[in-house]
Amino acid sequence: MDIQFVGENLLPGKLGQFFIILSFCSALLATVCYYFATVSSHGDSFQKQTVAGWQKIARVAFSLNILSVIGIGSCLFYIIYNHLFEYHYAWAHSSKTLPVYYIISSFWEGQEGSFWLWTFWQGLLGIIIVLRGRTWENSVMTTIMLSQAFIASMLVGVEVLGERIGSSPFILLRDAVPGPIFARPDYLTMITDGNGLNPLLQNYWMVIHPPTLFLGFASMVVPFAYAIAGLWEKRYSEWVKPALPWSLFAVMILGTGIIMGSFWAYEALNFGGFWAWDPVENASIIPWLTLIAGVHVLVAYKNSGHSYFTATFLVMISFVLVLYASFLTRSGILGETSVHAFTDLGMFWHLVSYILVFLILMVVFLVIRWKDMPITKKDEETYSREFWLFIGALVLSVACIQILATTSVPVFNAVFGTEIAPPPNVIQHYNKWQVPFAVVVAFISAFSQYLKYKRTDAKKFYISIGVSLVLAVFITAAAVYITKVYTNFMYIILTYAAVFSILANAKILGDAFKGKWKLAGSAVAHIGFAFLLVGALIAAATNNVISVNNTGIGFGDEFAKSNNPRENIILYQDEPVKMDRYTVTYKGDSTEGVNTYYKINYRVIDTVSGEIKENFDLYPNAQQNVKMRQIIASPDTRHYLFHDIYTHVSSVPLKEEEHEDHEGHSDDENYEKPVNHEVNVGDTVRFREGFITVKAINRDAKVQNIPLSDQDIAIGMQLEVNSKGKTYESEPVYLLKDGSKFDFGKKIDEAGLKLRFTNVFPDKDKLELMVYQKPKVERNWVVLKAIEFPYINLFWGGTIIMVVGFILSIFRRNKELKQSR
Amino acid sequence: MKKSSIAGLIIIAIAICVIISTYADSSTYGSFSDARETESELHVVGQLNKEKELFYNPQQDANYFAFYLKDNEGKECKVVFGGSKPQDFERSEQIVLTGKMVGNEFHASKILMKCPSKYTKDEVEVTEVSATTAKI
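Taken in order, these protein sequences are the chains called A and B. In terms of the working numbering, the first sequence is residues 15 to 835. In terms of the working numbering, the second sequence is residues 32 to 167.
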């Protein structure tokens with residue numbers, strides 16, 4: 015039974031699906047053709063025409079692949095941009111209220127969109143290889159196109175032998191989600207809006223962070239492909255030169271992407287920090303570290319002929335680890351160990367096969383070419399740069415193994431059926447290991463700059479680093495004192511190592527200005543890295559929760575003792591609270607769209623003069639979802655040069671559903687249900703905040719603007735109201751006019767009361783008094799957490815300096831590459 | 032023997048230590064009855080008992096949040112958390128607590144929730160769709 019659905023726009027989906035299939039097939043074809051082009055250029059029956067023929071087909075296939083990738087992107091964008099909610103992707107990730115720039119982020123919120131991003135970048139990098147790769151094109155592109163085919167297969171979403179391969183972004187809502195409404199031909203008229211973008215991702219960093227990160231991931235394939243090509247074509251040492259600028263590019267972009275993610279977390283999430291050692295973060299930093307190590311040994315090999323195997327291995331394993339990272343984040347295996355991994359889209363084994371194929375490729379080439387590899391039998395000199403580059407790379411690798419081991423606990427559990435839980439205090443666990451590694455790396459990054467390749471005069475070496483070593487002692491002492499990290503011995507050592515690295519590399523940089531420009535890039539990058547280390551250390555070690563609250567009542571001292579410091583504080587509107595050196599006041603809230611912004615005023619008041627030295631407002635916001643009775647909070651941060659004040663709300667009073675105005679709106683709705691009292695003169699009536707006494711009856715009451723005739727009766731009830739110690743007078747009036755009853759109530763706004771004299775019971779000798787009381791006014795409040803992050807700008811600044819260093823190095827290595835041709 | 036080989040061996044030795052330490056540092060998943068028997072922190076997985084009241088009154092204490100959790104063995108225990116109530120808490124399907132028993136209460140130092148997020152799962156979304164239908 016086929017239903018003719020009304021209003022669906024199926025063309026972009028069909029077209030998109032066609033492009034997906036085309037991109038997969040063309041990538042596969044390009045792989046095969048590039049493979050034969052490479053093979054036929056080496057065999058005995060070498061024929062220029064055959065090679066050229068294969069290459070030509072491969073290039074056509076590759077062009078088709080690029081076109082279809084762009085086609086997929088265009089179709090998907092068209093669907094999201096035009097809110098075609100008949101498509102699951104648009105419905106699940108976007109909504110009509112999203113501004114255009116967030117529509118771009120909703121494009122890559124889902125797994126499918128992020129795979130597209132990856133394949134797009136990989137294709138773009140492929141174009142550069144085709145244009146500039148010269149003799150490397152065929153062999154390098156074979157690997158890249160194989161990877162391209164794998165990613166395309168993740169998007170296919172077609173069932174083969176009962177198994178769905180990949181997940182297509184063009185799947186229709188009615189196919190993806192079961193539901194009775196899809197039996198109706200006009201179901202689309204009922205789907206008025208999509209689910210929208212996760213509010214946490216509605217941040218400008220989410221527009222730029224994923225593309226950067228995925229460009230980083232995608233560019234890791236290039237050095238890998240060069241390494242494979244080098245082994246495959248037996249051009250063992252040749253591949254190092256072109257791979258070097260690519261590796262630098264990959265680490266630069268990936269590093270930037272990771273730190274952007276860290277900045278986004280710091281600015282938009284409320285976990286209170288910039289790095290949490292979450293598995294998802296770890297997954298991306300592991301390949302970054304291995305390729306950083308790889309870059310250093312590539313340089314060592316290029317200049318000395320040592321460390322060939324280490325260099326090749328590290329470059330290759332980096333890409334395999336990228337694949338492992340995407341497996342960790344996309345397969346759902348992280349389960350309960352990570353806060354922000356994707357959920358499983360049923361691609362577990364698909365992702366595993368992607369890793370395995372490239373891992374096997376790597377191992378096979380390393381094994382079959384083992385004997386031919388240019389591995390030196392000579393021993394390195396202790397005082398040589400190559401030796402310490404090698405050691406540095408090894409230390410970085412071990413640091414990686416540590417992160418990898420802990421991050422992989424869920425994988426270990428899945429493979430061996432164990433039930434190991436991650437360490438209770440994850441951050442402490444990582445820091446325990448990573449701080450010493452960082453110390454060693456910082457030291458090596460400093461002194462190895464003073465070593466020459468092959469052999470260095472030890473005496474000269476010690477003299478040249480001696481000054482920096484001594485000077486660093488004094489600077490460290492000052493820095494440690496100012497930043498208060500002296501509580502932990504390892505922290506002091508790390509600060510010393512980083513300061514030493516900054517000084518030593520600054521000296522190299524000074525020489526660079528005098529003409530020895532070669533080391534400028536590495537010096538700048540090392541300085542940036544050292545600043546990053548110091549910044550991370552100080553900000554993480556001395557960040558200070560200033561919203562400490564010890565006023566917990568009623569839960570016993572036992573609880574308070576074991577839970578110090580108590581990091582959330584309640585602020586009532588307009589009641590200043592002293593927090594650290596700040597006087598903090600909650601000033602009220604305002605709602606803009608879905609977000610409610612809480613205005614928090616911070617002041618520093620000089621205790622002696624009473625002068626206001628600092629005065630600023632922060633607007634942490636929260637999205638309230640009345641139906642779900644929950645809030646989603648985002649922080650606001652005041653940035654200073656030397657510290658940040660970071661603030662987010664942890665809890666706020668939930669707003670009631672908006673009370674809509676309607677006809678027949680009466681004043682009484684502002685009050686609670688009235689209470690009737692039958693009273694006489696002298697009686698006292700209680701209400702919540704006080705009591706009312708009936709003083710007297712005024713038989714001669716007047717009502718404004720109403721003339722009274724002789725038959726009419728107007729009686730006033732003279733009341734004395736006592737509310738919270740204050741006394742008010744009031745006189746509601748009862749009126750009998752022309753045989754009809756009226757009453758004229760009186761309000762006492764200060765006491766939130768309305769009083770009506772509504773009836774007279776002559777037989778009982780009683781009068782009826784109705785007391786209306788306004789609902790108790792809840793004082794507005796927010797629960798707030800505020801953290802001071804000292805010197806965090808060193809962390810961000812260090813990153814920027816490091817990236818500049820990478821750019822300089824890329825220019826240098828690229829120039830060398832051109833000169834060598 | 033080459034110096035680099037020696038360095039390599041030392042590094043491998045350190046790497047092994049690292050891995051061993053990872054598993055030494057690691058904790059275990061357990062139940063409330065396991066938690067009663069041990070002094071150290073452990074992870075307890077369970078579901079929120081939605082019938083019992085969640086206690087969080089920031090006006091009284093912004094850092095006291097208590098609720099009842101049923102662990103995977105079906106045992107229920109009062110859990111106390113020294114912080115504010117996490118966002119989305121009521122909707123959690125599964126909760127992983129890190130902490131230890133203090134008397135008859137489980138004092139959690141960390142709460143991790145798995146929620147049927149509006150943004151990743153389809154089932155919850157369907158109810159929203161049908162709610163729209165009902166309106167028409």
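Where a beta carbon is used, it is the ideal one built from N, C-alpha and C, also for glycine.
Within the model, the alpha-carbon separation for Ile205(A) versus Ile84(A) is close to 29 Å.
Using beta-carbon distances, Asp393(A) counts as an interface residue toward chain B, with a partner under 9 Å. Two segments are said to touch when three or more pairs of C-beta atoms, one from each, lie closer than 8 Å; by this definition the stretch 230-240 of chain A touches the stretch 299-319 of chain A. Distances from the alpha-carbon of Pro450(A) to those of Ile434(A), Phe430(A) and Gln416(A) put Gln416(A) closest. Around the C-beta of Tyr115(A), fewer than 16 other C-beta atoms lie within 10 Å, and the residue is accordingly described as exposed. Counting only Cβ-Cβ distances below 8 Å, Ile142(B) has no contacts in chain A at all, with the closest Cβ about 11 Å away. Only those residues of the stretch 63-85 of chain B whose C-beta falls short of 9 Å from the nearest C-beta of chain A are listed: Ser71, Glu72, Leu73, His74 and Val76. The three-state reading of DSSP puts Gln787(A) in strand, counting E and B together. Residues of the same chain with a CB within less than 7 Å of the CB of Pro199(A), apart from the 5 flanking positions on each side, are Ile17, Gln18, Phe19 and Val20 in chain order. Taking His138(B) as reference, the option from Pro117(B), Asp102(B), Glu72(B) and Lys33(B) with the minimal CA-CA separation is Glu72(B). Short of 6 Å from the beta carbon of Leu227(A), and not among the five residues preceding or following it, lie these beta carbons of its own chain, in chain order: Gly271. Between the alpha carbons of Ala537(A) and Ala520(A) lies a distance of about 7 Å. Distance check between Phe701(A) and each of Leu98(A), Gln787(A), Gly124(A) and Ile34(A) places Gln787(A) closest, using alpha-carbon atoms only. Under the 9 Å criterion on CB atoms, Trp447(A) is classed as interfacial with respect to chain B.
Under the 9 Å criterion on CB atoms, Arg580(A) is classed as interfacial with respect to chain B. Contact between Glu126(A) and Glu22(A) is ruled out by a C-beta separation of about 20 Å, above the 8 Å threshold. Residue contact with chain B for Gln18(A): absent (no Cβ-Cβ distance below 9 Å to any residue of chain B). For Lys627(A), the uninterrupted beta strand (DSSP E) segment begins and ends at Ile626 to Leu632. Residue pairing for Leu73(B): DSSP places it in a beta bridge opposite Gly130(B).
For Ile727(A), the beta-bridge partners assigned by DSSP are Leu750(A). Inter-residue distance for Asn94(B) and Gly346(A) is about 32 Å (C-alpha atoms, whole angstroms). Excluding the 5 residues flanking it on each side, Pro688(A) has same chain C-beta neighbours closer than 7 Å at Met784, Val785 and Tyr786, in chain order. Less than 9 Å divides the Cβ of Asn794(A) from the Cβ of Tyr586(A). In chain order, Ala51, Ser54 and Ser55 place their CB closer than 6 Å to the CB of Val65(A), counting only its own chain and leaving out the 5 sequence neighbours on each side. For His97(A), the three-state secondary structure derived from DSSP is coil. For Thr396(A), the C-beta contacts it makes with chain B under 8 Å involve Lys34, in order along the chain.
Annotated three-state conformation of Leu585(A) is strand, per DSSP. The beta-carbon of Asn94(B) is placed less than 9 Å from the nearest beta-carbon of chain A. DSSP places Lys768(A) inside the beta strand (DSSP E), whose first and last residues are Leu767 to Phe775.
Contact with chain B is absent for Asn317(A), since none of that chain's Cβ atoms lies less than 9 Å from the residue's Cβ.
The straight-line gap separating the alpha-carbon atoms of Thr741(A) and Lys799(A) is approximately 41 Å. In the three-state DSSP reduction, Asp714(A) falls in the coil class, being neither helix nor strand. For Ile300(A), not one C-beta of chain B is nearer than 9 Å to its own C-beta. Proximity of Lys116(B) to chain A, defined by a Cβ-Cβ separation below 9 Å, is satisfied. The stretch 526-533 of chain A makes no contact with the stretch 756-775 of chain A: fewer than 3 CB pairs, one atom from each, lie closer than 8 Å.
In this model, Tyr315(A) and Ser261(A) are separated by some 14 Å (Cα to Cα).
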